[in-house]
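Peer 1: Counting with full-length UniProt numbering, you get residues 1 to 434 for the letters of the sequence shown. Beta carbons are placed, not taken as given, at the ideal position from N, Cα and C, and that holds for glycine. Bear in mind the structure is a predicted one, so any value in this text is a computation, not a measurement. Got a structure here, written out as C-alpha cells. Questions coming.
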Amino acid sequence: MARRKRAAGLPVRRTVLCFLNHRARQPRRRVRTPTIDAGAIAAMIPNDPQRAIRDAAAAIAPHLVELRRDIHRVPELAFQEIRTAGIVAAELTRLGIAHRTGVGVTGVVGEITGGRPGPTLLIRADMDALPIHEETGLPFASGVDGQMHACGHDIHTATLLGVAAVLKDLAPQIAGTVRLVFQPAEEVLEGAAAMIADGAADGADLAIGFHNHPDMPVGTFGYVRGACLAASDRFDLVVQGKSGHAAHPYAAVDPIVAAAQFIGQAQTVVSREIKPLHPAVVTVGMVQGGTTYNIIPERVHLKGTVRTLHADARDTAEAALKRLAQGIATGLRVGCTMTYARKVPPLVNDARVLEPVIAAVARQMGVAPVEGEPSMGAEDFAEFAARAPAFQLRIGSGAAGRDDRLHNAFYQPDERCIEQGVQALSRAALDLLA
C-alpha cells in the first residue's frame, strides 16, 4: 500500500484515499436538502473522498449562501459580533458539534473528535465587519449605517460552518481533532490574542487559516512560501508646541511645521535605513491639529502604521522613528511624545502544513494552487501561527467582469467561493488527519 511521507517534524500517516480503499464500496447517494443535514454526508464517503466532499459541499451550498447573506445584512464591528456568534453557535448545535461561546469576548470554538487518536488541527475564520458604508445596492446589503462586511468575513464564517458540516460526518475517518475557531476583532488585530488568552490555541498541533481574494478568479487558489503577510505596528505621536498668532510665529512654537518635518523624515526610514530586499512601509494615516487660518495650535496628533516582513527591519523601523521624534523635539523646540505598539508579527507559512494542504487542494479541486507574492497587509491569524505550524490558503472570490478590492464600499465577492472553500478546506483537514 502506498504511503505518503509528511515533512520533517510531523508523523508519517496513510493518506485518506489509501485508508478508505480497503473498505467495501457502498452505494453513494446525493444529498438534496438545501440545509446542512447532519449524517447525510457520511453515507457518501466510503471510497471516493473527492466526489463525496464535492457533492456534500454542493448540497449544502445554498444554505451557506443564505447564512452568509443573513450575516451580511447585520454586520458587527470588533468585539460586537454577538448576533453573528449566535448564528454560529446555533448552527454548531444543530450539527451536534460541542462548542464554547464567549471565547475572547465574542468568539466561538467548536471541536470535532475523530475516530482515532491524532493531532489537533485548528481551522480559523474571522467574523467582524468594517466601519464602511455599503454602496453595493444588493438586496441583502448592510442594514446598519456605516458598517459593512467589506473584507468578506461573512464569507469566511459561512465557509467554516460548511467545513464543520462536512467534517462532522467524516469524523470516523479522522485521526485526531478538528478545532473550529470563529474569531472576533480581526480588523483591529486583537481578536486572536483575546481568544488565545482564553485557551483557543491550547494543544493545537497544526493550524489553517484562509482568506477570500477578489483579485483571483473564483475557482482558483493561491499560496505564499514563508512570510506571506506583514507584521503590523502602530504609533501615535503628539507634537506639543506653543500656540500663538499666525502673524507672529516667532512668539510661538509651531507644532504643525514640526509634524510636517517628522512626516517627511519618516520616509527615509524605508529608503535609507532598511535593506532594499526587506520590504517595509511607513504610513502616517492621520494628522490632526489646528482650528482655523490664523492660529498656531498648541499641539498636533499623528497616527501611523509600520509594516515589515523581517524581524530586523521591524526593529530598525521602531528605533528610527523614535530617534527621529527625539531629533525633531531638539531641533524645533517642541515636545514629542511617541507611543509605539507592536500589534501582530508577520504571518509565516510553515512548509510542514503548506505542502500537504496545497497537495490536498489540488487533489480535491483538480487545479493546483498558484504561488503568489507576499502582501504588506496584516492578519492576526499570525498569532496562531506563532504557536503552531500554520498555513493560510488564498481562495479566489473574484466575480467575472468585476475588479473588486477588499475594504471597498462596492465590494461584491462571487459567492461560489464559499462552496469552493468548503471543498478545499475539508479535503485539507481530511488528508492532514488521515
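1. Check whether the stretch 107-118 touches the stretch 384-402, taking contact to mean three or more Cβ pairs, one atom from each stretch, closer than 8 Å.
2. Round the Cβ separation of V224 and P374 to the nearest angstrom and send it over; I've been treating them as touching at under 8 Å.
3. Could you please give the first and the last residue of the uninterrupted alpha helix (DSSP H) stretch that includes C417?
4. Can you list, in chain order, the residues of its chain whose CB lies under 8 Å from that of T407, leaving out five sequence neighbours each side?
5. For K322, name the three-state secondary structure that DSSP assigns.
6. Taking its Cβ as the centre, do 16 or more other Cβ atoms sit within 10 Å of A390, making it buried, or is it exposed?
7. Out of curiosity, what's the CA-to-CA distance linking L104 and G146?
8. According to DSSP, what are the bridge partners of V257?
9. Short of 8 Å in beta carbon distance, which residues of its chain neighbour A246, apart from the five on each side in sequence? Order them along the chain.
10. Helix, strand or coil, according to DSSP, for I45 in the structure here?
11. Which two residues bound the contiguous alpha helix (DSSP H) that contains residue 466?
12. What whole-angstrom Cβ distance do R68 and H213 have, given they're in contact under 8 Å?
13. Return helix, strand or coil for A313, following the three-state DSSP convention.
14. When the Cα of R402 is compared with those of N349, V218, T337, G226, which residue comes out closest?
15. Tell me, to the nearest whole angstrom, how far the beta carbon of L95 is from that of A125; I am working on the premise that it is less than 8 Å.
16. Taking the alpha-carbon positions, what's the A227 to P119 distance?
17. Identify whether G114 lies in helix, strand or coil by the three-state DSSP scheme.
18. Roughly how many angstroms separate the alpha carbons of A360 and E371, rounded to a whole number?
19. Pick out whichever of T93, V238, Q288, D233 has its Cα sitting closest to the Cα of V281.
20. Can you grab the Cα-Cα spacing for the pair R299 / H248, in whole Å?
21. Quick one: what's I208 bridged to in DSSP?
22. Looking at the structure shown, is V370 part of a helix, part of a strand, or coil, going by DSSP?
23. For G199, collect the residues of the same chain with a Cβ closer than 7 Å to its Cβ; drop the 5 residues on either side in sequence, then sort them by chain order.
24. Please classify P49 as buried or exposed, where buried requires at least 16 neighbouring CB atoms within 10 angstroms.
25. Under 8 Å, with one C-beta from each stretch per pair, do the stretch 77-88 and the stretch 171-184 reach the 3-pair mark?
26. How is K168 classed by DSSP in three states: helix, strand or coil?
27. Leaving aside the five residues before and after A251 along the sequence, list all residues of the same chain whose C-beta is less than 8 Å from its C-beta, in chain order.
28. Please list the terminal residues of the continuous beta strand (DSSP E) segment that includes G335.
29. Given a cut-off of 8 Å on the beta-carbon distance, is the pair I97 and A164 in contact?
30. So R402 is in the beta strand (DSSP E); what residue range does that whole segment cover?
31. What three-state label does DSSP hand S142 in the structure shown?
32. For A150, which three-state DSSP category applies?
33. Among the residues of its own chain, which have a CB less than 7 Å from the CB of F140, if the five just before and after it don't count?
34. Can you tell me whether G222 is buried or exposed, with buried defined as 16 or more other CB within 10 angstroms of its CB?
35. Verify whether the separation of the beta carbon atoms of I208 and L121 is less than 8 Å.
36. Return the chain-ordered list of same chain residues with a C-beta closer than 6 Å to the C-beta of A231, the five sequence neighbours on each side being excluded.
Peer 2: With the given structure in hand:
1. Put simply, the stretch 107-118 does not touch the stretch 384-402. Fewer than three CB pairs are less than 8 Å apart.
2. Taking a contact as a CB-CB distance under 8 Å, the pair V224 and P374 counts as one, their CB atoms being some 5 Å apart.
3. DSSP places C417 inside the alpha helix (DSSP H), whose first and last residues are 416-432.
4. A small fix is needed here, since residue 407 is His in this sequence, not Thr. Cβ neighbours of H407 beyond the five flanking positions: L130, I132, A150, C151.
5. Note: K322 maps to helix in three-state DSSP.
6. Buried, because 16 or more other Cβ atoms sit within 10 Å of the Cβ of A390.
7. Correcting the residue type first, residue 104 is Gly in the shown sequence and not Leu. Each residue's alpha carbon lies about 25 Å from the other.
8. According to DSSP, V257 bridges with nothing at all.
9. Taking A246 as the centre and dropping the five residues before and after it, the same chain places the C-beta of Y293, N294, I295, I296 closer than 8 Å to its C-beta, in chain order.
10. Any reading at I45 must be qualified, since the residue scores a pLDDT of 48, below 50, and its modelled position is unreliable; the value itself is stated next. Here DSSP, grouped into helix, strand and coil, assigns I45 to coil.
11. A question about residue 466 goes unanswered here, because the residues of the chain that appear run from 1 up to 434.
12. Not really, about 16 Å apart at Cβ, beyond 8 Å.
13. Of the three classes helix, strand and coil, the one that applies to A313 here is helix, per DSSP.
14. Checked all of N349, V218, T337, G226; the closest Cα to R402 is V218.
15. About 15 Å separates the beta carbons of L95 and A125, which is beyond the 8 Å limit, so they are not a contact pair.
16. Per the coordinates, the alpha-carbon of A227 lies some 24 Å from the alpha-carbon of P119.
17. Secondary structure at G114: coil, using DSSP grouped into helix, strand and coil.
18. Taking the straight line from one Cα to the other gives about 15 Å.
19. Closest option to V281, Cα to Cα, is D233.
20. R299 and H248: Cα-Cα distance of roughly 17 Å.
21. According to DSSP, I208 bridges with I123, F391.
22. In the structure shown, the three-state DSSP call for V370 is strand.
23. The beta carbon of G199 lies closer than 7 Å to none in the same chain, with the five residues before and after it left out.
24. Here P49 is buried, its C-beta having at least 16 other C-beta atoms within 10 Å.
25. Yes, they touch.
26. Assignment of K168 by DSSP, reduced to helix, strand and coil, places it in the helix class.
27. The answer, listed in chain order, is G244, H245.
28. For G335, the enclosing beta strand (DSSP E) stretches over residues 335-344.
29. Contact: yes.
30. No beta strand (DSSP E) holds R402; DSSP gives it neither H nor E.
31. Here S142 sits in coil by DSSP.
32. In the structure shown, A150 sits in coil (DSSP, three-state: anything other than H, G, I, E or B).
33. The answer, listed in chain order, is R69, H72, R73.
34. Result: buried.
35. Yes, the pair counts as a contact, with Cβ atoms nearer than the cut-off.
36. Apart from the 5 residues on each side of it in sequence, A231 sits with its Cβ closer than 6 Å to the Cβ of T308, R314, P345, P346 in its chain, given in chain order.
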